[in-house]
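Per our numbering, residue 30 is the first one in the sequence shown, and the count goes up by one each step.
In what follows, a single structure is set out as structure tokens and then discussed.
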Amino acid sequence: GGLFVHCPAALDAEMRRDVDALGPVRAVAASSLYHHLYVGDWMRAYPDALFACSPGLERKRPDLAFGHVLGDEPHALWKDELAQVDFSARFEKEVVFFHRPSGSMITADALLNLRRHPSRMTRAVALFMLNLGPGRGWMERIAVRDWKLGRRQVDRMLAWDIERIVLCHGDLVRQDGKATLRDAYDWLR
């Protein structure tokens, strides 16, 4: 009955036409402390949508009127199709989603995959970070502040029937999503 927009990008006229052609925007989720730059544009364009944010983003961006703070429990608008986990063990306080009908996990930064980024500089940074696949590299060990909590949260995600993973940064994982997530966080014990 409508669209759930995750980590909205810049909203220019072309994107707005494309989004509107898909259906009405019902909800917009800024699911990480670092994915919020364009939310104000979306709020002005879609004032009737529910705007939800990662825990703490409502304090970081008091200029934005969020109607809901995300957590472990899905909002009534999407609870029939999306599950979610508050991956608060990570420093960016990301909330990760799972779209049950398609078997798709939806992430912001929980699984960076920058090794084939178009920017040569970004690829160099990815190599330095040893980011050779989704969620791989030494940066993840720094990003997760509480390893025990992180293990519990990843285990909750692994309970999902994940086939594919949609990432904000990098190529989509089109198959074996559960194995990809398990491999990325195997070091969490």
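A virtual CB, placed ideally from N, CA and C, is assigned to each residue, including glycine.
All values reported here derive from a predicted model rather than from experimental measurement.
Tell me which residue opens and which closes the alpha helix (DSSP H) that residue i is part of.
i             : result
glutamate 102 : Note, glutamate 102: premise wrong, no alpha helix (DSSP H); not H, not E.
leucine 51    : 42-51
glutamate 121 : From DSSP, glutamate 121 is part of no alpha helix (DSSP H); its letter is neither H nor E.
Measure the C-alpha to C-alpha separation of residue i and residue j and round it to an integer number of angstroms.
i                 : j              : result
leucine 178       : alanine 153    : 31 Å
phenylalanine 126 : tryptophan 176 : 20 Å
aspartate 101     : threonine 151  : 32 Å
glycine 52        : glycine 30     : 8 Å
leucine 40        : arginine 73    : 10 Å
aspartate 184     : leucine 217    : 10 Å
Going along the chain, which residues of its own chain have a beta-carbon closer than 8 Å to the beta-carbon of residue i, five neighbours each way excluded?
i            : result
histidine 97 : Leu79, Phe80, Ala81, Cys82, His104
In the DSSP assignment, find the beta strand (DSSP E) that holds residue i and state where it starts and stops.
i              : result
methionine 134 : 133-135
alanine 38     : Unbroken run through alanine 38: none, as it is neither H nor E.
Determine whether the beta carbon atoms of residue i and residue j lie at a separation below 7 Å.
i                 : j             : result
valine 48         : tryptophan 71 : no
phenylalanine 172 : arginine 119  : Reading off the sequence shown, one finds alanine at residue 172, where the question assumed phenylalanine. Contact: yes.
proline 37        : tyrosine 67   : yes
glutamate 121     : aspartate 138 : yes
Let me make sure I understand the geometry here. Which of the options has the alpha-carbon closest to that of residue i?
i              : options                        : result
histidine 65   : Leu86, Pro76, Val54, Pro53     : Leu86
tyrosine 75    : Phe95, Asp212, Ser117, Asp205  : Phe95
arginine 165   : Lys122, Asp215, Arg203         : Asp215
arginine 55    : Arg73, Tyr67, Arg46, Leu32     : Leu32
proline 84     : Tyr63, Asp200, Arg73           : Tyr63
arginine 203   : Leu141, Gly132, Leu217, Ser148 : Gly132
methionine 158 : Arg149, Glu169, Ile191         : Glu169
lysine 207     : Arg193, Gln182, Ser61          : Arg193
proline 147    : Leu217, His198, Ala59, Arg174  : His198
aspartate 190  : Ile135, Leu217, Ala50          : Ile135
asparagine 142 : Arg45, Leu201, Ala59           : Leu201
Report all residues from its chain with a CB closer than 6 Å to the CB of residue i; omit the five preceding and five following residues, and keep chain order.
i             : result
glutamine 113 : Pro103, Val124, Phe126
Sorted by chain position, which residues of the same chain lie with C-beta nearer than 7 Å to residue i's C-beta, five sequence neighbours on each side aside?
i            : result
arginine 180 : Leu217, Arg218
lysine 89    : Leu62
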